[in-house]
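Contents: one structure, followed by commentary.
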Amino acid sequence: MDADSDSDGSHISATPPRDPLPPPRLPPQPPPKPPTSYKSTASTKRSSHLDIIFKLKKPSSSKHDKIEPVPEPEPKVKPIQQPDLPSPVGNFPFQIRRPSDQPHPISIGRSLETLPAGFFSTRRASFSKICKPSLNFEPETLPEITAEPKINGSDGPGSTKTCNKKLPNLIRGDVPLPPVKLQKRSEEGNFVRLNFNGYKRKFTAKGKKMNSYSYKSKYFKRSKRRVKSEVDTGSLCDEEGLVSEIKLQSKAEKPSRCESVEAAISAVRNEVSDENLVRLLKALYGYDLFRDGQLEAIKMILAGKSTMLVLPTGAGKSLCYQIPAVVLPGITLVVSPLVALMIDQLKQLPRMIQGGLLSSSQGPEEAAETLRMVQEGSIKVLFVSPERFLNADFLSIFSTLTSVSLVVVDEAHCVSEWSHNFRPSYMRLRASLLRAKLNVECILAMTATATTTTLQSIMSALEISSTNLIQKSQVRDNLRLSVSLSSNRMKDMLKLMKSSPFLGAQSIIVYCKFQSYHSGMLARDRSRIQELFCANKIRVVVATVAFGMGIDKRDVGAVIHYSLPESLEEYVQEIGRGGRDGRLSYCHLFFDDVTYYKLRSLMHSDGVDEFAVNKFLCQVFADDTSSHRKVCSLVKESASRKFDMKEEVMLTLLTHLELGETQYLHLLPQLNVTCTLNFHKTSPMLLADKDTAVAAILKKSEIKQGQYVFDIPTVANSIGVAPGDLSNHLQNLKAKGEITYELKDPAYCYKIVKVPSDFCSLTELLTRWLLDIENCKVWKLDAMYSSAVFVVDTCEKTHDCNVAQQTTCLQERILDYFKGDNNLDVLDKMGQNSPFLRADIKVFLQSNSNVKFTPRAIARIMHGIGSPAYPSSTWSRTHFWGRYIQIDFKAVMNAAKAELMNFVGKDAP
Ligand SMILES: Nc1ncnc2c1ncn2[C@@H]1O[C@H](COP(=O)(O)OP(=O)(O)OP(=O)(O)O)[C@@H](O)[C@H]1O
1 MDADSDSDGS
11 HISATPPRDP
21 LPPPRLPPQP
31 PPKPPTSYKS
41 TASTKRSSHL
51 DIIFKLKKPS
61 SSKHDKIEPV
71 PEPEPKVKPI
81 QQPDLPSPVG
91 NFPFQIRRPS
101 DQPHPISIGR
111 SLETLPAGFF
121 STRRASFSKI
131 CKPSLNFEPE
141 TLPEITAEPK
151 INGSDGPGST
161 KTCNKKLPNL
171 IRGDVPLPPV
181 KLQKRSEEGN
191 FVRLNFNGYK
201 RKFTAKGKKM
211 NSYSYKSKYF
221 KRSKRRVKSE
231 VDTGSLCDEE
241 GLVSEIKLQS
251 KAEKPSRCES
261 VEAAISAVRN
271 EVSDENLVRL
281 LKALYGYDLF
291 RDGQLEAIKM
301 ILAGKSTMLV
311 LPTGAGKSLC
321 YQIPAVVLPG
331 ITLVVSPLVA
341 LMIDQLKQLP
351 RMIQGGLLSS
361 SQGPEEAAET
371 LRMVQEGSIK
381 VLFVSPERFL
391 NADFLSIFST
401 LTSVSLVVVD
411 EAHCVSEWSH
421 NFRPSYMRLR
431 ASLLRAKLNV
441 ECILAMTATA
451 TTTTLQSIMS
461 ALEISSTNLI
471 QKSQVRDNLR
481 LSVSLSSNRM
491 KDMLKLMKSS
501 PFLGAQSIIV
511 YCKFQSYHSG
521 MLARDRSRIQ
531 ELFCANKIRV
541 VVATVAFGMG
551 IDKRDVGAVI
561 HYSLPESLEE
571 YVQEIGRGGR
581 DGRLSYCHLF
591 FDDVTYYKLR
601 SLMHSDGVDE
611 FAVNKFLCQV
621 FADDTSSHRK
631 VCSLVKESAS
641 RKFDMKEEVM
651 LTLLTHLELG
661 ETQYLHLLPQ
671 LNVTCTLNFH
681 KTSPMLLADK
691 DTAVAAILKK
701 SEIKQGQYVF
711 DIPTVANSIG
721 VAPGDLSNHL
731 QNLKAKGEIT
741 YELKDPAYCY
751 KIVKVPSDFC
761 SLTELLTRWL
771 LDIENCKVWK
781 LDAMYSSAVF
791 VVDTCEKTHD
801 CNVAQQTTCL
811 QERILDYFKG
821 DNNLDVLDKM
831 GQNSPFLRAD
841 IKVFLQSNSN
851 VKFTPRAIAR
861 IMHGIGSPAY
871 PSSTWSRTHF
881 WGRYIQIDFK
891 AVMNAAKAEL
901 MNFVGKDAP
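For the sequence shown, position 577 matches number 577 in full-length UniProt numbering, and the numbering has no gaps at all.
As structure tokens, this is what we get:
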């Protein structure tokens, strides 16, 4: 075996060969209970479970010395002494969990993806000689599928105008077209809609424009004639060269709306009646009737009531904020989790609605142009990421200059840690904060997938009254659902695709977990595939969940799940890509135990232990001085390794420290904090005489190979300016030819507001919270798996259902799941022990005795999950990697804890 050849001597394993058969199914577990409150229950005494810290015996020599030891966490300053705790410094300890740590039976948050960033501060810094503040943007993390528009200045075919002006990501419609045509356009999918807005799309390859399919499309030829009179053009391109040209109105020109639209808007402003709203619907979109839930939601918003809207995917949620946006006087801010989603929504705005977006990959000029248009009131709908709410300058525009009529929280389940897709940055979107910062009264939260628990937490965060909940069935009834257990998924899938009704499906999406249509692909290629798919040039796309979000291709006739989704929410979201034109769409799910076990292990990859949380807190507050104006930073990569904590988890903790019951810190936009600088024109000493920032740099730098290396926040703190201002200042010096420099080490930046008085209680509170999130994640996967089993197995036997009735069975199951988390039977398939587990862990420890482990680290290795401090690139070489994937993670952790105690010859108190 290859794995053994360079492994850790673990060929003396006590484990027999892997058993290909899964352990027997366990009876259904009792239903989960709703989440508890996370108020601290810790006493002022130090918790005993924090006390057990072990150090592994160091071997005299080992042939495994190659394996990197875990880096030693060493906080610079110990903020609070805890004398009866064994010092973590110098040992890599493990944390013994309390026996009471039972899985928390609630829905969970998936994906702690990181996004944050925002503007640099634009406040003026007081450098003695050179200081030119400018509005800068810190790059935000981009989503997987990104077609970031950049306007390039190019005319559409048939146009005689050229415009080289760079404009921001704005799509504006100014030439009124008959509404009836709009309806036709919408039936042709989002790609055609793009053209209708006056764009033609071209691809660039190696700098050359290629004819695009859209350019040739019949629709484009029609629309081209219609939009001929448009006055200004630009082009839209993603960061890797996918170019789409957009016609834009000239800067000076005011949007001219169709008379019938204006009249319909005034009528609604005078009286919000059903009749007037239908007239406006017709005028804006060409549709004759509202769909279920739309009218109710629009009326609620126009009455100024914050609303929670739960409609199935493709039911038309966007229209519920677009209509109020044109009627209400101020701007509508739409918060979206992904840049790709924002771009997609922007494209889909009816052309009479002025839209814009602020995104990470815009240059400062583009962003400034968007903000200028916001200030002059020519944008009605602005798409922003939640990270924007970190930036004081961004917020000040809305609190002082521009009135915000409505804040829309799209994919609102991201607010809740009990959802399948919790995002720490969404925690920022609390009603109190939005009211205080934006002076906005009305909030619309929209989602297609939320359990009762999730809904409760969204509505509580956004202060939406329970009477303002509009909730329709979360699964459309034009989706035909089927499920099968498969031992050879590829063979079965090919067979399925060759048989009716899948054979006749116009477009098919195949969802995979571990290989995807975009793995290893350039963004440009991914975007091209998406475009080709939307234009029906590609029939089948194999994709991950990222592909699903925001895709509004109306005629997807089949959705196949090649792998089990991680939750029923994810499943519903993905099948929701099918049948958006209202026609039948066929959705088949293949599931198998191997995938289930693999996913089950992955659910533990974000988990952390109390010890790590405690160390993290020590580091976060280590820099505290009496001055709370100081900017502190935490370099993401090194901190992640040091605490064996994913970056998203660190961000979650930091966000909680800012937005939890007590505010301990204030998060700032992320920065690259390490600067390596060279002087060119003037000598450093002479320049320092004229420039306080340079003087501080000389003072705080280390000189490495003739270069000045310093920490941006440290220098900025020493002269009392914001790090962003110092960066701007460096840019100015660079522009003058005085210096060149490089920035690296992206870091979380924050200011300390209050040092916790009781680190132990806070540690316990945070750990408990993260543990509950981890357990919820596991529970969600189990609920998904159990539903699949139920449909192919239990349901058939107990309810006498046949395959044709699987739709009803699964629909009922999904509805039960979303209705209440408490009444669903969930299988727990995991084994609780193995006779060889302890012996294997012992061998593993002996053969890696130079490395320090925690029980969680050992359990991760036994489950085949890499982590920042124990990467799979190193540890997958061990013979034990993934060996116990079928044994419950917690059981492996407990076994590891016991073996670690034996190994160090100590016992827990
Ligand atoms: N009243 C209506 N009549 C006909 N079509 C409509 C109506 N309302 C919305 N639509 C169309 O339905 C499609 C889906 O709308 P939209 O993208 O807003 O759905 P959604 O609920 O946001 O879906 P998802 O959650 O998947 O993003 C769009 O093409 C939209 O134009």
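Cβ coordinates follow ideal geometry from the N, Cα and C atoms, glycine included.
| Asked | Found |
| --- | --- |
| Flag Asp840 as yes when its Cβ comes closer than 7 Å to any non-hydrogen atom of ligand 1, and as no otherwise. | no |
| Candidates Pro669, Leu617, Ala639: which alpha carbon is nearest Leu657's? | Leu617 |
| Residue ranges of each alpha helix (DSSP H) run of no fewer than 4 residues wholly in the region 450–510, ordered along the chain? | 452–461, 489–497 |
| Let me know if Pro329 comes out buried or exposed under the rule of 16 or more other beta-carbons within 10 Å of its beta-carbon. | exposed |
| Work out the CA separation of Thr655 and Thr453 for me, nearest whole Å. | 21 Å |
| Could you tell me if Leu900 is buried or exposed, where buried requires 16 or more neighbouring beta carbons within 10 angstroms of its beta carbon? | buried |
| As a quick exercise: from His420, Ser425, Asp477, pick the residue whose alpha carbon is nearest that of Thr449. | His420 |
| Output yes or no for whether 8 Å exceeds the beta carbon distance between Val542 and Val510. | yes |
| What span of residues does the beta strand (DSSP E) with Thr447 cover, start to end? | 442–447 |
| So, at 6 Å on beta carbons, what are the nonlocal neighbours of Arg430 in its own chain, with the 5 sequence-adjacent residues on each side left out? | Ala461 |
| So, is Phe611 buried or exposed, given that buried needs 16 or more other C-beta atoms within 10 angstroms? | buried |
| With a cut-off of 8 Å on the beta carbons, I'd call Met603 and Val778 a contact; round off their distance for me. | 5 Å |
| Buried or exposed: which applies to Phe514, given that a residue is buried once 16 or more other Cβ atoms fall within 10 Å of its Cβ? | exposed |
| Can the beta-carbon of Arg577 be found closer than 8 Å to that of Val559? | yes |
| Rounded to a whole number of angstroms, what is the C-alpha to C-alpha distance between Glu366 and Ser359? | 10 Å |
| Within the present structure, is the beta-carbon of Arg476 separated from the nearest heavy atom of ligand 1 by less than 7 Å? | no |
| Of all the options Arg428, Val475, Glu262, which has the alpha carbon lying nearest to the alpha carbon of Leu311? | Val475 |
| Give me whichever residues DSSP pairs with Ser359 in a beta bridge. | None; Ser359 has no bridge partner. |
| Between Thr854 and Asn614, is the Cβ-Cβ spacing less than 8 Å? | no |
| Within a Cβ cutoff of 6 Å, which residues of the same chain sit near Glu774, ignoring the five residues on either side of it in sequence? | Gly607 |
| Could you check where the alpha helix (DSSP H) with Gly724 kicks off and where it finishes? | 723–735 |
| Find the nearest neighbour of Arg372 within the set Val384, Tyr750, Gly356, Pro386, judged by alpha-carbon distance. | Gly356 |
| Rank Val409, Lys642, Leu781, Thr544 by C-alpha distance to the C-alpha of Ile871 and give the top, closest one. | At residue 871 the sequence reads Pro, which differs from the Ile that was named. The shortest Cα separation from Pro871 among Val409, Lys642, Leu781, Thr544 belongs to Lys642. |
| Are there three or more Cβ pairs, one per stretch, closer than 8 Å when the region 835–844 is compared with the region 498–508? | no |
| How would you call Ser37, buried or exposed, if buried means at least 16 neighbouring beta carbons within 10 angstroms? | Residue confidence is low: Ser37 scores 33 on pLDDT, short of 50, so the model does not pin down where it sits. Its coordinate-derived value is still stated next. Flag for Ser37 reads exposed. |
| If the criterion is Cβ atoms closer than 8 Å, does the pair Val715 and Leu726 meet it? | yes |
| If you draw a straight line from the alpha carbon of Ile885 to that of Val843, how long is it in whole angstroms? | 18 Å |
| Closest by CA to Ala891, which one among Met645, Leu733, Ser873, His863? | His863 |
| Run through the DSSP bridge pairs and tell me what Gln707 is partnered with. | Lys704 |
| In or out: Gly582 buried (at least 16 other Cβ within 10 Å) or exposed? | exposed |
| Is the closest heavy atom of ligand 1 to the C-beta of Arg279 under 7 Å? | no |
| Which residue spans inside the region 306–354 form an unbroken beta strand (DSSP E) run of at least 3? | 307–310, 331–335 |
| Alpha carbon to alpha carbon, what distance is there between Leu289 and Thr767? | 50 Å |
| Which of helix, strand or coil does DSSP assign to Glu899? | helix |
| List the residues that DSSP assigns as beta-bridge partners of Met560. | Residue identity differs from the one stated: residue 560 is Ile in this sequence, not Met. In the DSSP output, where bridge partners are listed per residue, Ile560 has Val510, His588. |
| Go ahead and pull the three-state DSSP assignment for Tyr884. | coil |
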